[in-house]
Structure formats: structure tokens, C-alpha cells
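J.: The opening residue of the sequence shown carries number 235 in our numbering; numbering runs sequentially from there. Note that beta-carbon positions come from the ideal geometry of N, C-alpha and C, so glycine has one too. A single structure is presented below for examination.
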Amino acid sequence: MECDKVKGFLSEYIDGVLDAQVKKLIDEHLPACKSCSEELASLNACIKELGVLKGVEAPGNFLEKVHERIERKAGFSKIIQTLFIPVRIKVPLEIAAVAAMVILTINLMESERKTTYMPAKPKIEEMGKIAAEGPGVAELERE
């Protein structure tokens with residue numbers, strides 16, 4: 235068996251979960267290969283050191299916070315799902331809504347552009363009345 239394959243199986247070898255045939259091949263390979271033997275010794279040392287470590291106690295509200303974060307993410311995915319799933323139905327509807335908004339906006343802008351904001355021309359009777367009154371208020375204030 236090649237070293238790369240043996241090294242890939244070393245964790246299972248230590249745990250004792252390999253089938254008999256693979257275990258036998260590794261047992262035959264290890265005495266002949268210094269690199270794989272060192273790798274096995276290193277893994278065993280790591281496991282031994284990890285076994286010495288004491289467990290760390292989680293804060294009292296740890297599970298509540300985990301569940302809260304899961305709920306928050308689930309809420310966001312629910313919003314995404316509501317907006318975009320099923321895609322074959324919702325996307326065409328959204329495109330149609332955008333197209334309708336564009337058409338309405340263009341129509342409003344066109345009607346606004348056609349409307350003029352010039353003051354209405356005074357009627358002929360009003361023009362005669364203004365001329366008969368004399369100079370305008372602005373001219374009187376200048377004097």
C-alpha cells in the first residue's frame with residue numbers, strides 16, 4: 235500500500251474501525267515505512283494530549299443564544315424564499331411589475347412635459363383696463 239493511502243487511513247486505524255483486509259495491509263506497511271510510523275506516533279501523541287485536556291463548561295445561556303441565531307437565519311431565508319421561490323413564477327411577475335412601473339413613469343413624465351407653465355394671456359378687455367390705469371405699481375415705486 236502507498237504512503238498517501240496509509241496516512242489517509244491512520245485515524246481509522248487508531249479508532250479500530252477498518253476492515254480486516256485494510257488493517258492487515260497497514261500492519262504490513264508500518265514496520266517498513268519510517269514516515270508512516272512517525273505519522274502514526276504523532277497522531278497517537280495528539281490523541282493522548284487531547285485526552286488530558288479538561289472540558290470547558292459553556293455559559294448557561296449558550297443553547298438559547300445558539301437557537302436564537304438559528305431562528306434569525308431561518309427568518310432571513312424565509313424572506314428570501316418568499317421573495318424569489320418558486321423562481322419560474324415570481325421572477326416573471328416581478329419583471330412585469332417593473333415594466334408596468336416604467337411605462338407609468340414614462341407616461342407621467344410625457345404628460346408633465348406637455349403641460350405648459352406659462353401664465354395665461356390677459357383678455358383684451360383686461361389689457362385695455364391695464365393701459366387705462368396708467369403706469370404699473372413697480373414703476374410708481376421707483377419714483
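How is C237 classed by DSSP in three states: helix, strand or coil?
T.: Position 3 of the sequence shown holds residue 237. The answer is helix: DSSP assigns C237 an H, G or I state.
J.: Closest to D238 by CA distance: which of S271, E344 and Q255 is it?
T.: Here residue 238 refers to the residue found at position 4 of the sequence shown. Measuring from the Cα of D238, the nearest candidate turns out to be S271.
J.: Please give the ranges of any alpha helix (DSSP H) in the region 294–320, keeping only runs that are unbroken, at least 4 residues long and fully inside the region.
T.: Fully enclosed alpha helix (DSSP H) runs of 4 or longer: 296–318.
J.: Can you look up V290 in the DSSP assignment and give me helix, strand or coil?
T.: As a working note, residue 290 is residue 56 in the sequence shown. Note: V290 maps to coil in three-state DSSP.
J.: Verify whether the separation of the beta carbon atoms of L277 and I248 is less than 8 Å.
T.: In the sequence shown, counting from the first residue as 1, residue 277 sits at position 43. In the sequence shown, counting from the first residue as 1, residue 248 sits at position 14. A contact, by the Cβ cut-off of 8 Å.
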